[in-house]
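From first to last, the protein sequence lines are chains A and B. Under this note's numbering, the letters of the first sequence match residues 9 to 126, in that order. Under this note's numbering, the letters of the second sequence match residues 6 to 494, in that order. Glycine included, every Cβ here is placed at the ideal spot set by N, Cα and C. Since this is a predicted model, take the numbers as computed values, not measurements.
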Amino acid sequence: MPAGYLPFFLFLVLAILFPLATLIVAKLIRPSAPLPVKREAYECGIPAASTSRGRYAVRFYIIAILFVIFDVETVFLFPWAVHYKALGWFGVAEVAVFLAILVVGYLWAYKKGALEWV
Amino acid sequence: MSGYYTSADHFALLPALMLVLFGSAILLLEFLMPKGPARTRWLVGFTLLGLASAAIALLRQHQALSAPGSRIVAFSGSFTIDSFSLYFDWLFLAAAAIVTLISYRYLEIEGEHRAEYYGLILLACSGMFFLASGADLITMFLGLELMALSFYVLVGFLKRERRSNEAAIKYFLLGSFSSSLLAYGFSLLYGLSGSTNLEEIRRAIFTRGSLDAITALAMATILAGVLFKVSAAPFHMWAPDAYAGAPTAVTAYLSVASQAASFALLLRLFNGPLSPLDQEWRPLVAGVAVATLVIGNFAALTQENVKRLIAYSSVSHAGYLLLGLVAGNTTGLRGIAVYLAIYMFANLGVLMVLIAIRTRTSGMLEEDLSDLNGLGARHPLYAAAMLVFLLSLAGIPPTGGFLGKYYIFLSLLETGHAVLAVIAALYVAVSLYYYFRIVRGMYMTQGEPGPLASSIGMNVAVAISGVATLLLGLFPEPFLRFAAGALVR
Numbered sequence: 009m010p011a012g013y014l015p016f017f018l019f020l021v022l023a024i025l026f027p028l029a030t031l032i033v034a035k036l037i038r039p040s041a042p043l044p045v046k047r048e049a050y051e052c053g054i055p056a057a058s059t060s061r062g063r064y065a066v067r068f069y070i071i072a073i074l075f076v077i078f079d080v081e082t083v084f085l086f087p088w089a090v091h092y093k094a095l096g097w098f099g100v101a102e103v104a105v106f107l108a109i110l111v112v113g114y115l116w117a118y119k120k121g122a123l124e125w126v
Numbered sequence: 006m007s008g009y010y011t012s013a014d015h016f017a018l019l020p021a022l023m024l025v026l027f028g029s030a031i032l033l034l035e036f037l038m039p040k041g042p043a044r045t046r047w048l049v050g051f052t053l054l055g056l057a058s059a060a061i062a063l064l065r066q067h068q069a070l071s072a073p074g075s076r077i078v079a080f081s082g083s084f085t086i087d088s089f090s091l092y093f094d095w096l097f098l099a100a101a102a103i104v105t106l107i108s109y110r111y112l113e114i115e116g117e118h119r120a121e122y123y124g125l126i127l128l129a130c131s132g133m134f135f136l137a138s139g140a141d142l143i144t145m146f147l148g149l150e151l152m153a154l155s156f157y158v159l160v161g162f163l164k165r166e167r168r169s170n171e172a173a174i175k176y177f178l179l180g181s182f183s184s185s186l187l188a189y190g191f192s193l194l195y196g197l198s199g200s201t202n203l204e205e206i207r208r209a210i211f212t213r214g215s216l217d218a219i220t221a222l223a224m225a226t227i228l229a230g231v232l233f234k235v236s237a238a239p240f241h242m243w244a245p246d247a248y249a250g251a252p253t254a255v256t257a258y259l260s261v262a263s264q265a266a267s268f269a270l271l272l273r274l275f276n277g278p279l280s281p282l283d284q285e286w287r288p289l290v291a292g293v294a295v296a297t298l299v300i301g302n303f304a305a306l307t308q309e310n311v312k313r314l315i316a317y318s319s320v321s322h323a324g325y326l327l328l329g330l331v332a333g334n335t336t337g338l339r340g341i342a343v344y345l346a347i348y349m350f351a352n353l354g355v356l357m358v359l360i361a362i363r364t365r366t367s368g369m370l371e372e373d374l375s376d377l378n379g380l381g382a383r384h385p386l387y388a389a390a391m392l393v394f395l396l397s398l399a400g401i402p403p404t405g406g407f408l409g410k411y412y413i414f415l416s417l418l419e420t421g422h423a424v425l426a427v428i429a430a431l432y433v434a435v436s437l438y439y440y441f442r443i444v445r446g447m448y449m450t451q452g453e454p455g456p457l458a459s460s461i462g463m464n465v466a467v468a469i470s471g472v473a474t475l476l477l478g479l480f481p482e483p484f485l486r487f488a489a490g491a492l493v494r
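Now the structure itself:
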């Protein structure tokens with residue numbers, strides 16, 4: 009085994025052992041009091057209205073995907089903002105291209121009605 | 006700060022850039038067009054315009070690289086334009102253009118004619134360009150994902166068809182699984198060499214010399230990931246379902262362009278960074294190739310659905326192509342290049358005839374072998390074209406298919422793999438049976454008359470593919486010179 013990977017394997021062993029140890033120790037020292045209410049899905053503290061395996065509208069996914077896309081967009085803008093001075097006009101042009109591609113996607117999603125909650 | 010995006014970078018990127026540009030613009034173009042048949046023409050025209058502008062940019066690269074062995078290195082060595090990438094880029098463009106021509110009538114009948122379809126075709130094509138030109142693990146992986154993500158959507162494009170949805174989910178799950186295998190292998194290569202550049206990885210592996218556990222793991226995961234992509238046994242399970250469930254035009258694109266791009270990736274990796282390990286992977290690839298031939302050919306024998314039959318036949322073609330890599334000499338690599346082009350026209354041809362002769366008004370995903378019954382009497386021209394394509398797939402001399410198999414077998418004999426050559430030749434005989442089942446149905450069985458779903462684009466595409474298949478068999482010299490240049494490195 010190459011020496012450079014030793015910390016990695018140590019970490020792997022730790023990552024497997026730690027949760028196992030935690031679970032076993034917790035099992036040994038915790039009091040056992042099984043109540044049906046403990047097995048219910050958590051819904052803001054009120055009694056659960058339905059199971060957590062129910063089906064819900066595909067619109068939630070669309071909203072979630074759009075959120076992730078524009079969230080990640082900001083992540084990509086941060087390094088540019090940090091190095092704004094060093095990158096100069098090249099950076100501005102690059103970001104303009106990047107945003108233009110996203111704007112195409114945004115316009116498309118808007119025109120398709122993905123942002124409307126019918 | 007002018008060193009970031011030089012004119013050489015721009016020149017190298019332009020064909021792919023054109024495809025991305027048109028692929029994005031077509032999404033917005035749809036909103037500007039009035040609904041109706043005029044919009045169909047605009048969308049098809051705009052797609053072809055995008056492909057044509059990419060072709061012009063590619064032609065300029067072609068002229069710039071007229072000297073053998075010359076290349077353009079762009080983006081600090083992560084993107085290379087050489088004769089190899091040019092050859093594959095032409096294949097991808099041709100496939101995308103033909104698929105565009107055969108798609109619009111099909112999509113209209115299915116009621117799914119949308120701009121997104123063409124946008125995805127163009128974006129997938131640009132992803133393939135990155136696969137063929139990539140000289141860096143990250144560039145290649147991004148290209149692969151751009152192509153694969155576009156295909157996942159295209160496979161499920163008939164969203165009201167359950168089978169199309171099912172095919173998309175299966176293809177997505179197995180495709181992302183294989184991508185993650187590949188990414189894991191890439192990460193190991195990076196760990197071994199400290200670089201993502203293919204040439205530097207090759208040097209690092211070469212100086213390492215012997216095969217140790219980590220190198221073996223990297224090689225095995227990359228091999229498994231790529232074999233998934235080229236649908237080689239035992240990683241072929243996704244192919245029949247994805248091919249049969251996808252819209253037929255997408256099946257055509259998937260089975261030729263995606264296959265060619267995956268082989269470009271395979272050749273880039275196994276003739277590049279992994280070439281010092283060829284003593285280790287060669288027996289593995291040989292075993293996989295034989296298994297692919299056996300499974301592909303025998304499974305195709307019993308299929309009743311034409312698209313599943315074609316899927317298994319394309320699995321078996323992947324086996325022949327892998328044998329070219331096993332031989333590994335110039336003849337073998339040229340054989341892969343020639344084979345891919347010939348296979349492309351023939352396979353596209355078979356699937357486009359299937360689209361053209363649809364015998365039902367709905368349920369176009371259920372192409373039974375019996376649908377082709379009596380085609381010879383009903384539509385003699387389409388039947389003749391189908392015959393040419395099937396002969397080419399089987400590798401019968403007057404057509405191009407013979408040439409591809411000839412080079413593969415020749416390379417095997419040259420490198421002393423006579424046993425493999427005999428096995429491969431035996432399986433050609435097996436494949437004759439299922440190809441001629443279709444032929445027999447067309448010419449020797451009575452069938453019910455059915456409507457034609459032909460169009461100008463369809464007829465042009467059938468003519469191009471048929472003529473190309475015949476010409477490649479009858480006058481192969483100019484093409485062979487072009488393909489031979491593809492492998493000067």
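Do the CB positions of Leu417(B) and Leu408(B) come within less than 8 Å of each other?
no
Using DSSP with H/G/I as helix, E/B as strand and the rest coil, what is Ile77(B)?
Three-state DSSP puts Ile77(B) in a strand.
Any idea which residues DSSP pairs Gly139(B) with across the strands?
Phe84(B)
Would you check if the distance between the CB atom of Ala305(B) and the CB atom of Leu327(B) is smaller than 8 Å?
no
Write down every uninterrupted run of the alpha helix (DSSP H) in the stretch 210–239 of chain B whose length is 4 residues or greater and which is fully enclosed by it, in chain order.
Every unbroken stretch of the alpha helix (DSSP H) spanning 4 or more residues and falling wholly within the stretch 210–239 of chain B is given here in chain order: 218–234.
In whole angstroms, give me the CA-to-CA distance for Ala342(B) and Val100(A).
42 Å
So with CB distances below 7 Å, who are the chain A contacts of Tyr9(B)?
Residues of chain A passing the Cβ test: Phe98.
Please report the residue range of the alpha helix (DSSP H) in which Gly116(B) lies.
Gly116(B) -> no alpha helix (DSSP H), and no H or E assigned at all.
By the criterion of Cβ-Cβ separation under 9 Å, what are the contact partners of Val112(A) in chain B?
Ser29, Ala30, Leu32 and Leu33
Would you mind telling me which residues of chain B sit closer than 7 Å to Trp116(A), beta carbon to beta carbon, in chain order?
Near Trp116(A) (Cβ distances below 7 Å), the residues of chain B are Leu32 and Leu33.
In its own chain, which residues sit with a C-beta less than 6 Å from the C-beta of Val261(B), not counting the 5 before and 5 after it?
Ala100, Met349, Asn352 and Leu353
Pick helix, strand or coil for Ile362(B), following the three-state DSSP scheme.
coil
Do Thr474(B) and Leu415(B) have their CB atoms nearer than 8 Å?
Taking 8 Å as the Cβ cut-off, Thr474(B) and Leu415(B) do not qualify as a contacting pair.
Shorter than 8 Å from the beta carbon of Ile70(A) to some beta carbon of chain B?
no
With a threshold of 16 other CB atoms inside 10 Å of the CB of Ser81(B), please say whether the residue is buried or exposed.
exposed
On the three-state DSSP scale, how would you describe Ile401(B)?
coil
Against chain B, does Phe119(A) count as a neighbour if the rule is that its beta carbon must be under 8 Å from one of theirs?
In the sequence on display, residue 119(A) carries Lys and not Phe. At least one chain B Cβ lies under 8 Å of Lys119(A).
Who pairs with Glu204(B) in a beta bridge, going by DSSP?
Its beta-bridge partners do not exist; DSSP assigns none.
Does the distance from the CB of Ala466(B) to the CB of Ile103(B) come in under 8 Å?
yes
For the structure I just gave you, are there three or more beta carbon pairs, one from the stretch 394–410 of chain B and one from the stretch 287–302 of chain B, closer than 8 Å?
no
Taking a cut of 9 Å between CB atoms, which residues from the stretch 32–57 of chain B lie near chain A?
Leu32, Leu33, Glu35 and Phe36
Is the CB of Ile109(A) under 8 Å away from at least one CB in chain B?
So, interface residue.
Give me the Cα-Cα distance between Leu374(B) and Leu457(B), rounded to the nearest whole angstrom.
The straight-line gap from Cα to Cα measures roughly 17 Å.
Cα separation between Leu128(B) and Gly196(B)?
31 Å
Please determine, among Leu24(B), Gly74(B), Leu163(B) and Leu26(B), the residue with the shortest C-alpha to C-alpha distance to Gly490(B).
Gly74(B)
Taking all protein chains shown into account, decide if Gln580(B) is buried (16 or more other Cβ within 10 angstroms of its Cβ) or exposed.
In this structure chain B extends from 6 to 494, so residue 580(B) is not present and cannot be described.
Quick one: grab the DSSP three-state call for Pro51(A).
In the sequence under discussion, the amino acid at residue 51(A) is Glu, which differs from the Pro named in the question. Here Glu51(A) sits in strand by DSSP.
Would you give the residue range spanned by the alpha helix (DSSP H) that Tyr195(B) belongs to?
Arg167 to Ser198
Quick one, which of Lys410(B), Pro402(B) and Tyr176(B) has its alpha-carbon nearest Tyr344(B)'s?
Lys410(B)
In or out: Thr220(B) buried (at least 16 other Cβ within 10 Å) or exposed?
buried
Which partner residues of Asp373(B) appear in the DSSP bridge assignment?
Asn310(B)
Please classify Met369(B) as buried or exposed, where buried requires at least 16 neighbouring CB atoms within 10 angstroms.
Residue confidence for Met369(B) is low, a pLDDT of 49 falling below 50, so the modelled location carries little weight and cannot support an answer.
Does the distance from the C-beta atom of Ala188(B) to that of Phe146(B) stay below 8 Å?
Yes, these two residues count as a Cβ contact at 8 Å.
For His241(B), does the three-state DSSP call read helix, strand or coil?
If DSSP states are grouped into helix, strand and coil, His241(B) belongs with coil.
Report the rounded CA-to-CA distance for Gly471(B) versus Asp94(B), giving the unit in angstroms.
21 Å
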